[in-house]
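Number of protein chains: 2
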Amino acid sequence: MSTQAETNRLAVIDTDSGFITVLTKRLEVAGWHHRVLSTPVPPDELVAMKLNAVVLDMAALGPDAWDYLERVCGMLPELGIVVCSGRSTVAQRVRALRLGADDWIGKPCHPEEVIARIEAVVRRRRRSRVQSDVGPLTAAELEIRPDQFQAFVSGRSLELTRREFELLQLLAEAKGNVLEREAIYQRVWGYSMAHGDRSVDVFVRKLRQKLERGSPGWRYIHTHFGIGYRFDPESLVADGEIAMTEASPPATPEGGAPGEEQMTPAAGEPTAS
Amino acid sequence: MSTQAETNRLAVIDTDSGFITVLTKRLEVAGWHHRVLSTPVPPDELVAMKLNAVVLDMAALGPDAWDYLERVCGMLPELGIVVCSGRSTVAQRVRALRLGADDWIGKPCHPEEVIARIEAVVRRRRRSRVQSDVGPLTAAELEIRPDQFQAFVSGRSLELTRREFELLQLLAEAKGNVLEREAIYQRVWGYSMAHGDRSVDVFVRKLRQKLERGSPGWRYIHTHFGIGYRFDPESLVADGEIAMTEASPPATPEGGAPGEEQMTPAAGEPTAS
DNA sequence: CACCGTGTGAAAGACCTGTTAACGCAGGGG
DNA sequence: CCCCTGCGTTAACAGGTCTTTCACACGGTG
Chain P
10 MSTQAETNRL
20 AVIDTDSGFI
30 TVLTKRLEVA
40 GWHHRVLSTP
50 VPPDELVAMK
60 LNAVVLDMAA
70 LGPDAWDYLE
80 RVCGMLPELG
90 IVVCSGRSTV
100 AQRVRALRLG
110 ADDWIGKPCH
120 PEEVIARIEA
130 VVRRRRRSRV
140 QSDVGPLTAA
150 ELEIRPDQFQ
160 AFVSGRSLEL
170 TRREFELLQL
180 LAEAKGNVLE
190 REAIYQRVWG
200 YSMAHGDRSV
210 DVFVRKLRQK
220 LERGSPGWRY
230 IHTHFGIGYR
240 FDPESLVADG
250 EIAMTEASPP
260 ATPEGGAPGE
270 EQMTPAAGEP
280 TAS
Chain D
10 MSTQAETNRL
20 AVIDTDSGFI
30 TVLTKRLEVA
40 GWHHRVLSTP
50 VPPDELVAMK
60 LNAVVLDMAA
70 LGPDAWDYLE
80 RVCGMLPELG
90 IVVCSGRSTV
100 AQRVRALRLG
110 ADDWIGKPCH
120 PEEVIARIEA
130 VVRRRRRSRV
140 QSDVGPLTAA
150 ELEIRPDQFQ
160 AFVSGRSLEL
170 TRREFELLQL
180 LAEAKGNVLE
190 REAIYQRVWG
200 YSMAHGDRSV
210 DVFVRKLRQK
220 LERGSPGWRY
230 IHTHFGIGYR
240 FDPESLVADG
250 EIAMTEASPP
260 ATPEGGAPGE
270 EQMTPAAGEP
280 TAS
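Chains as they are written, first to last, in the working numbering: chain P, 10 to 282; chain D, 10 to 282.
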């Protein structure tokens, strides 16, 4: 809940163009990343897409539909699977659900209901997942650890407060992009910024202070006059000079966070400058 | 799938005797513990039942059905909620799903499908708490034994109460991760924390007290201001030093009750390394 | 040069946590 | 049947930490 703005990723495997058209329109409104496939792609590829859920029509899966469904369910236990198919019998629906599908919707159906059901499935999945979903994020000497609500430099904590940490995390996740004050405030504080509020500036200052104290030699946060701030680690010394204190590989103190690859929500898309 | 040694607990809130008869018969075959209710019991009571899921008919909930549904969903985010009702509109189904229901089935329906859908809903939840109850867990001088609902230090019990133990176990299993108060409360108490509830803090204090009494020289639970707590054993004495039991315990001579077990006069202890 | 936006420091105030004690409830024993 | 004891909950207070706000200096922009 706190980490909002998490975009959901969905694949639709179907051949019913009318259904797809209507559904994708709704998905765009809802802000889902989605991809339409007309043939059953190998489970491996589904894995690579890092999906949250998949909607599929048994009719589009060809003759080996049940095999395919079983393989996908077995291979991606964390994936939300919603079958949206034409006429079906109770036995078929029960079979799919037992195989591991999360829901079955009969066509014709209202796209809004499809989305609501997908969301229900994903919601349930989110809750059950251990909170190790977000891997540590590193930048220059910095190691940002969402699991600890804290940032480290060569193993030493920067002693950030909650707000400071969330601000840093937000900026770092948008690496390279300029974020406007209003947007920052909105996402860290959770509500709209009052006119004339300087909180963001004050926190940027505190953050810079702690960053410099723990990692002198680097500048992390840049100011864009009249706009906002941008995170982008920049060495203050010539490249080859970092003689001592190299030890760049941030030693993971111990918490064995699984080496989750960082799932980039959206491809970097620079906000105009 | 795996040994279904764990029985599922389900409540059915409905007044349709025919439906209930058929459904309960199937539930018995499937080995579910179930309870039939003809009126909407207060959410508190649902909590006490320690359910995995609930099946409910909007028609049986009376005039405040939507309110009730919303309250239950908000209070028991971990509970699987399946609505099984008569004729309905898309808008109603979407509303229920958005409120937090996991599935909506229209009557009439086949009991086998109802069960399959309940199982699909519960299936996800189960994954998360799979590995929790097996082997003993040790950390520093501590030995946490789920089979006894108790923690030990060099063989001596810490005399933890049930809640204290569950809290400790939860924290220890998440070793190294910060857990937010809401998350802790939800997983130990089983339902959502009311705003302003300080129970978690109080129990953390009791736990720290007992931990310190049994294992001075170590700090186990760390506070993260504005967030929650983190379990991470930390020695209070420098590594190479011979712990002299250096006055860490402020004695507290003025004993309250005479029966106070102040044992541990000098029992050998640290020696660890 | 005038104007606005940003950096900086400090102080007031809101919020959070540690700690203690009293209350109500349930189970066991007399 | 009543009393005793242990446990969990709730309220209240004290002490600290974090946020916000304000004032002023500095620097970029037109």
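Even glycine gets a Cβ: it sits at the ideal position worked out from N, Cα and C. Model, not experiment: these values are computed from the prediction.
At least one beta carbon of chain D lies nearer than 7 Å to the beta carbon of glutamate 122 of chain P. Per DSSP, isoleucine 90 of chain D is one residue of the beta strand (DSSP E) stretching across 89 to 94. At a cut-off of 7 Å, the C-beta of valine 31 of chain P has no neighbouring C-beta in chain D. The contact set of glutamine 157 of chain P on chain D, defined by CB atoms closer than 9 Å, consists of Gly185, Asn186, Val187, His233 and Arg239 in chain order. The beta-carbon separation of glycine 223 of chain P and arginine 165 of chain P, rounded to 7 Å, stays under the 8 Å limit for a contact. Going by DSSP, threonine 30 of chain D is part of no beta strand (DSSP E) but of the alpha helix (DSSP H) stretching over 26 to 39. Within chain P, the residues whose beta carbon sits less than 7 Å from that of valine 99 of chain D are His119, Glu121 and Glu122, listed in sequence order. Taking C-beta separations shorter than 7 Å and ignoring five residues to either side along the sequence, alanine 100 of chain D has no partners in its chain. For a cut-off of 8 Å, the C-beta gap from arginine 239 of chain P to glycine 185 of chain P is around 7 Å, short enough to register as a contact.
Spanning the alpha carbons of alanine 105 of chain D and tryptophan 113 of chain D requires a straight line of approximately 8 Å. At least 7 Å separates the CB of alanine 57 of chain P from every CB of chain D.
In this structure, DSSP gives proline 72 of chain P a state outside helix and strand, which the three-state scheme calls coil.
Around the beta carbon of aspartate 25 of chain P, 16 or more other beta carbons sit within 10 angstroms, so the residue counts as buried. Taking histidine 233 of chain D as the centre and dropping the five residues before and after it, the same chain places the C-beta of Val187 and Arg239 closer than 7 Å to its C-beta, in chain order. Taken through DSSP and simplified to helix, strand or coil, proline 120 of chain P comes out as helix. For leucine 78 of chain D against leucine 108 of chain D, the beta-carbon gap comes to about 6 Å, under 8 Å, which counts as contact. The C-beta distance from leucine 65 of chain D to histidine 43 of chain D rounds to 13 Å, too long to fall under 8 Å, and the pair is not in contact. Annotation: threonine 30 of chain D to glycine 83 of chain D spans about 30 Å, alpha carbon to alpha carbon.
The continuous stretches of beta strand (DSSP E) do not include isoleucine 236 of chain P, and DSSP gives it neither H nor E.
With fewer than 16 other beta carbons inside 10 angstroms of its own, lysine 34 of chain P counts as exposed.
Cβ-Cβ distances below 8 Å link proline 145 of chain D to Glu152, Ile153, Arg154, Pro155 and Asp156 in the same chain, with the five nearest sequence neighbours on each side left out; the list follows chain order. Only Pro86, Glu87, Gly89 and Val99 from the segment 84 to 99 of chain D bring a Cβ to less than 9 Å from some Cβ of chain P. For the pair alanine 181 of chain P and leucine 169 of chain P, the CB atoms are not nearer than the 7 Å cut-off. At a beta-carbon threshold of 8 Å, the residues of chain P lying near isoleucine 236 of chain D are Phe158 and Arg171, ordered along the chain.
When secondary structure is reduced to three states using DSSP, glycine 115 of chain P falls in the strand class. Where alanine 148 of chain P is concerned, there is no enclosing alpha helix (DSSP H), although the beta strand (DSSP E) around it starts and stops at 146 to 148.
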